[in-house]
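Undergrad: The structure under discussion is supplied below as structure tokens; questions concerning it will follow.
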Amino acid sequence: MGFNIAIDGPAGAGKSTIAKKVAKELSFIYVDTGAMYRAIAYYMLQNNVAKDEAAVAKEVENVDVKLAYVDGEQQVLLNGENVSSFIRTEEVGNMASFVAKVSEVRAKLLDLQRNLAKENDIIMDGRDIGTNVLPNADVKVYLTASSEERANRRYKELCEKGISCDRDEIERDIIARDEQDMNREIAPLKQAEDATLIDSSHMTIDEVVAAIIKLK
Ligand code: DC
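Numbers 10 to 225, taken from this note's numbering, label the letters of the sequence shown in order.
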């Protein structure tokens, strides 16, 4: 059994940025489970599958998701094709939140996630890692920040990339995605009883990284 760190929290809380840094400092493998849901969402969008739970449940039978690591960076393989550079859009993120409600989708990814954790020292982020995927994780963190702060960070990030966007629309999107992820029937986003809550609204990235490493 590897040493397992579970990080859950809402969209845009900085989970992946933080988890990547912690992984580097501890020489752990970083597992981004959101990317797996995004890959399935990307497949559904590419194949014009309706935003309908039964349709998604049926189509997911044709989907195979695997992870690979290139220079320490996680890559997602969708039916053998590396789709990592296509899954970061808002459209794919919103569809990922939809497909994540479907039990057949979650079942498909659960074994993959658990097997990675069994064999390696990992830090895994997502929505249900501490509550459902790795209930016996050695360290559990619930990382959050106000929706205002999360929207500000996302807005800044997109502006820096030269992508034009509307800050208030970003905040509305974030709130809608949280609602969907927190209120679904299967494995909703919530803080595990034994997780440490970190609100990063007024913390730097390095402060959050240090706080997590201290929990080890
Ligand atoms: O973290 P992210 O934005 O890449 O995740 C995209 C969506 O995937 C998220 O809105 C909900 C879903 N997800 C999930 O249901 N369970 C996880 N462990 C990770 C992501």
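We treat Cβ as the ideally placed atom computed from N, Cα and C, and that holds for glycine.
Please read these numbers as outputs of a predicted model, since none were measured by experiment.
Given this structure, state the Cα-to-Cα distance separating Y164 from D73, to the nearest angstrom.
TA: Translated into positions along the sequence shown, residue 164 becomes position 155. Translated into positions along the sequence shown, residue 73 becomes position 64. If I take the Cα positions, the gap works out to 33 Å.
Undergrad: Taking the continuous beta strand (DSSP E) assigned at Q84, which residues delimit it?
TA: Position 75 of the sequence shown, counting from 1, holds the residue named residue 84. 82–87 is the span of the beta strand (DSSP E), which, as asked, contains Q84.
Undergrad: Helix, strand or coil for V108? Go by DSSP, reduced to three states.
TA: Along the sequence shown, one-based indexing puts residue 108 at 99. V108: helix per DSSP, three-state reduction.
Undergrad: CA-CA distance, P144 and R181?
TA: Here residue 144 refers to the residue found at position 135 of the sequence shown. Here residue 181 refers to the residue found at position 172 of the sequence shown. Cα to Cα, P144 sits roughly 31 Å from R181.
Undergrad: Three-state secondary structure (DSSP) at I221?
TA: Against the sequence shown, residue 221 aligns to sequence position 212. Three-state DSSP puts I221 in a helix.
Undergrad: Flag this pair as touching only if the stretch 172–179 and the stretch 188–195 have three or more C-beta atom pairs under 8 Å; answer yes or no.
TA: Verdict: no, contact absent.
Undergrad: Under 8 Å by Cβ, that's how I've got I16 and I195 pegged, so tell me the actual separation to the nearest angstrom.
TA: Counting from 1 along the sequence shown, the entry for residue 16 is found at position 7. Counting from 1 along the sequence shown, the entry for residue 195 is found at position 186. Not a contact, Cβ separation roughly 20 Å.
Undergrad: Express the C-alpha separation of A77 and I207 in angstroms, rounding to a whole number.
TA: Reading the sequence shown from its first residue, position 198 is the one you call residue 207. Reading the sequence shown from its first residue, position 68 is the one you call residue 77. Straight-line Cα distance between these residues: approximately 30 Å.
Undergrad: Do you know whose CA, among D130, T153, E70, lies nearest A146's CA?
TA: By 1-based counting over the sequence shown, the position of residue 146 is 137. Among D130, T153, E70, the Cα nearest to that of A146 is on D130.
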